[in-house]
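Taken in order, the sequence shown gives residues 3 to 305; the numbers are from the working numbering. Just so you know, even glycine gets a beta-carbon here, dropped at the ideal spot from N, CA and C. None of the values given here were measured: they were computed from a predicted structure.
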Amino acid sequence: MNEENIDEMDILLNAESAIESGNISQARDIAETLSNGPRHFVESLIQIADEDIDGALLTINNCINYSRNPKSRDPILEARAKMIRGLARTSIGESVEGGADLRWAMDRLGVIAQGSDYHGISILNVAAWHRQQSEIIMSLATHSEIARETTHSPEIVALSRHRVASIHSEMENYSTALRHHWTAWKIATQCGIDAIAESSCLHIIDLGLTRVSESVDRIESQIRDAIPTPHTNFTSQAEIHPDDLQEAIEWITPRSLVQISGINRPDLSLIIEAHQILNIDLPIELTDNCELIQDDEVLALLQ
Numbered sequence: 003m004n005e006e007n008i009d010e011m012d013i014l015l016n017a018e019s020a021i022e023s024g025n026i027s028q029a030r031d032i033a034e035t036l037s038n039g040p041r042h043f044v045e046s047l048i049q050i051a052d053e054d055i056d057g058a059l060l061t062i063n064n065c066i067n068y069s070r071n072p073k074s075r076d077p078i079l080e081a082r083a084k085m086i087r088g089l090a091r092t093s094i095g096e097s098v099e100g101g102a103d104l105r106w107a108m109d110r111l112g113v114i115a116q117g118s119d120y121h122g123i124s125i126l127n128v129a130a131w132h133r134q135q136s137e138i139i140m141s142l143a144t145h146s147e148i149a150r151e152t153t154h155s156p157e158i159v160a161l162s163r164h165r166v167a168s169i170h171s172e173m174e175n176y177s178t179a180l181r182h183h184w185t186a187w188k189i190a191t192q193c194g195i196d197a198i199a200e201s202s203c204l205h206i207i208d209l210g211l212t213r214v215s216e217s218v219d220r221i222e223s224q225i226r227d228a229i230p231t232p233h234t235n236f237t238s239q240a241e242i243h244p245d246d247l248q249e250a251i252e253w254i255t256p257r258s259l260v261q262i263s264g265i266n267r268p269d270l271s272l273i274i275e276a277h278q279i280l281n282i283d284l285p286i287e288l289t290d291n292c293e294l295i296q297d298d299e300v301l302a303l304l305q
């Protein structure tokens, strides 16, 4: 990749960031400075943001054609464009065609950019596609390509483990779900993905409250000693050591107590239940500010 392509890639990323932040006009201005392939890529993302899927499909096809042209060949852009086309097709019910595009992008990026965030995202997309098709085992198998020991970024690993945990919960394999949520929580806190960290931490508490016992191995030990098993449909109950539960509530509690109002606060309910089962005094931010609490279930737990 020459220096010109690297500079244009940076500009392309700026346009994508503008779209993600809702600054469509800025993205359009940036697109005007790009060559044909990247410009069509940005324009297709703008059309998707505007819910013009038919227009986006036409534009992304132009991007694919330019990225295949010998004079403007860009294999990574082609793979990313195929990924966008796959997502767009799937969104309008063309699941088979969309899945084919997503798999093509994943396989291609696995060859030319293995371990990159683009490759990681493509794996996540294929896993999500399988899950949408109710192909749960295939979804888990796809996620298994993103392991903690690989070159994938922590952000990709955290998101993958969070989704894997959710799948295992759907399968009622709660002990495995708990371990994956723990991994997602730990990695997400390290790389600053607050949404994933907070979600997984609350799931840890929710699942762990099923059974709290000092006879249970610490979760880190369970993860270290876990033996890979076939992705089969078997159920299990979650259980947690009280020290692990306490670690989770000590992390999440100050974050949840920043704002205690709101009519739907399951996080506060979980925090209260965890404090009670561990025989720990409730935070004064809750006990001394009942008038600020709007969730009836939370108020009932405080009585």
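Considering only residues of the same chain and omitting the five flanking positions on each side of residue i, which have a CB-CB separation below 7 Å?
i: T191; result: A199
i: S141; result: A129, H132, R133, I169
i: R30; result: I48
i: I195; result: E157, A160
i: C292; result: L301, L304
i: A17; result: A29, I32, A33, V44
i: D119; result: S155, I158
i: F236; result: N175
Relative to the C-alpha of residue i, which candidate in the options has its C-alpha closest?
i: V214; options: I195, H277, L47, I295; result: H277
i: S223; options: F236, D196, H243, R257; result: H243
i: A58; options: P72, N71, R41, R70; result: R41
i: E53; options: N281, L89, P72; result: L89
i: Q261; options: L284, L288, D245; result: L288
Contact defined as beta carbons within less than 8 Å: I believe residue i pairs with residue j. What is the distance between those atoms, to the nearest angstrom?
i: L247; j: I274; result: Incorrect: roughly 13 Å between the Cβ atoms, too far for contact.
i: T144; j: H154; result: Incorrect: roughly 13 Å between the Cβ atoms, too far for contact.
i: Q305; j: G264; result: Going by Cβ atoms, the distance from Q305 to G264 rounds to 19 Å, so no, they are not a contact pair.
i: S177; j: S93; result: Between S93 and S177 the Cβ distance is about 35 Å, and since that is not below 8 Å, they are no contact.
i: L272; j: I207; result: 5 Å
i: T212; j: E241; result: 7 Å
Measuring only the C-alpha atoms, how far is residue i from residue j?
i: S74; j: A179; result: 46 Å
i: L161; j: E45; result: 27 Å
i: V159; j: I148; result: 6 Å
i: S258; j: H183; result: 18 Å
i: A20; j: T185; result: 31 Å
i: V218; j: I50; result: 48 Å
i: R105; j: S124; result: 8 Å
i: S37; j: S97; result: 31 Å
i: M173; j: T35; result: 49 Å
i: E249; j: L294; result: 26 Å
i: I279; j: L209; result: 14 Å
i: G122; j: M85; result: 12 Å
i: L15; j: S171; result: 35 Å
i: I229; j: D283; result: 38 Å
Where does residue i land, buried or exposed, given buried means 16+ other C-beta within 10 angstroms?
i: Q134; result: exposed
i: D103; result: buried
i: D269; result: buried
i: G95; result: exposed
i: M3; result: Because the pLDDT of M3 is 47, which lies under 50, any placement of that residue in the model is unreliable, and the number read from its coordinates should be weighed accordingly. It is exposed - the Cβ of M3 has fewer than 16 other Cβ atoms within 10 Å.
i: G24; result: exposed
i: S136; result: exposed
i: L47; result: buried
i: R165; result: buried
i: A83; result: buried
i: S201; result: buried
Below 6 Å CB to CB, which residues in the same chain sit around residue i once its five sequence neighbours on both sides are set aside?
i: I254; result: C203
i: D56; result: none
i: A81; result: A107, R110, L111
i: G101; result: W131
Within the same chain, show all residues whose beta-carbon is closer than 8 Å to that of residue i, passing over the 5 residues directly before and after it, in chain order.
i: P77; result: S69, R110, I114
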